[in-house]
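Each residue of the sequence shown is one higher than the one before, counting from 0 in numbering that gives the first Met the number 0. Even glycine gets a Cβ: it sits at the ideal position worked out from N, Cα and C. Only one structure is covered here, and it is reproduced in the block below.
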Amino acid sequence: MATKKVRTVKKVSKPKKPSKPVVVLEPERARAPLALPFEIDPQKIEASLNKLKDQVVTLAKKGRYTKVRFKFRGKQLLPDIPLAAVVAVEGATFYWAGVLRAVVFTLAGRAVIDVELVNDSEKKLAAGKEALLSGDLDEALQHFTDAKDMDVENPAVHLNLGIALKLKGDHPGARAALEQALKLDPRGPFAHEAERLLKTLTTAIVVAS
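Structural data, given as structure tokens:
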């Protein structure tokens, strides 16, 4: 009885497409504005406004704040005002002082205004991430650098700056930024990601050499 030969046909697997590099960005950690209540005396309104300006200057020296926000009973009275505009002039002559005066006179008594010092670096950080994901490294680096100038103690800024510098090929700059992120957040999620990236950076340097 004749036997039939069975010929096996091997399937040729298609070559795998190279995977795209994945940029890991850290979880957000938004910083709340520094807020303080301030009472304005209608009998001494000019002195109250100047005292308010002095307090803003004192608090601004303790952190990286870029804008001042005035609220009354939870509602914002004015658009955010650049910090420099508030501290550079006399409170009695600036336009925001007129709004505060109007509030006091309307109430016909003492008014407690909530003053918030706002750090705008988070917006720059978000813009930098968007630029990084779209592939525009130069724009991302500019945003991250601006964010660092606004808040030099934010580990998220240094971490993202390190990522962008690494992708740009600036390994010394990337190392410095990642080490700073590790220093500022030694036990948090930023440190974990910074350590991982520093290891890959070291490996890349060894391979290149």
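Open item on the list: Count Cβ pairs between the segment 141–158 and the segment 111–124 that sit closer than 8 Å; are there 3 or more?
Closed with: Contact between the segment 141–158 and the segment 111–124 is present: three or more C-beta pairs spanning the two stretches fall below 8 Å.
Task: CB contact flag (Leu-200, Arg-174, <8 Å) - done: Arg-174 is positioned such that its CB atom lies closer than 8 Å to that of Leu-200.
Open item on the list: Run through the DSSP bridge pairs and tell me what Phe-71 is partnered with.
Closed with: Per DSSP, the beta-bridge partners of Phe-71 are Lys-74.
Task: Through-space distance from Leu-197 to Thr-65, alpha-carbon basis - done: C-alpha separation (whole angstroms): 31 Å.
Open item on the list: Val-55 and Val-114 - do their beta-carbons sit closer together than 8 Å?
Closed with: Contact flag set, yes.
Task: Short Cβ contact (8 Å threshold) for Leu-164 with Ala-176 - done: Result yes, Cβ atoms of Leu-164 and Ala-176 sit closer than 8 Å.
Task: Neighbour-count burial assignment, Lys-74, 16 or more Cβ in a 10 Å radius - done: By the 10 Å Cβ count, Lys-74 comes out exposed.
TODO: Determine the direct distance from the alpha carbon of Lys-50 to that of Lys-43, and round the result to whole angstroms.
DONE: In a straight line, the C-alpha of Lys-43 is about 11 Å away from that of Lys-50.
Task: Through-space distance from Ala-101 to His-157, alpha-carbon basis - done: Using only the alpha carbons, I get a separation of about 43 Å.
- [ ] Quick one: measure Cβ to Cβ for Lys-182 and Asn-159, integer angstroms, because I've assumed they're closer than 8 Å.
- [x] 16 Å between Cβ atoms; not a contact.
- [ ] Can you tell me which of the three DSSP states Asp-137 falls into?
- [x] Asp-137 falls in the helix class under three-state DSSP.
- [ ] Go to Lys-43, then tell me how far its alpha helix (DSSP H) extends in each direction, as first and last residue.
- [x] Segment: none, Lys-43 is in no alpha helix (DSSP H) and carries neither H nor E.
Open item on the list: Using a 10 Å radius around the Cβ and a threshold of 16 neighbouring Cβ atoms, would you call His-142 buried or exposed?
Closed with: Counting the other CB atoms within 10 Å of its CB gives His-142 a total of 16 or more, which places it among the buried residues.
Task: Cβ-Cβ distance between Ala-139 and Leu-131 below 8 Å - done: Yes, the Cβ-Cβ distance between Ala-139 and Leu-131 is below 8 Å.
Open item on the list: Taking DSSP's pairing of strands, which residues face Lys-209 in a bridge?
Closed with: What is shown of the chain runs 0 to 208, which leaves residue 209 out entirely.
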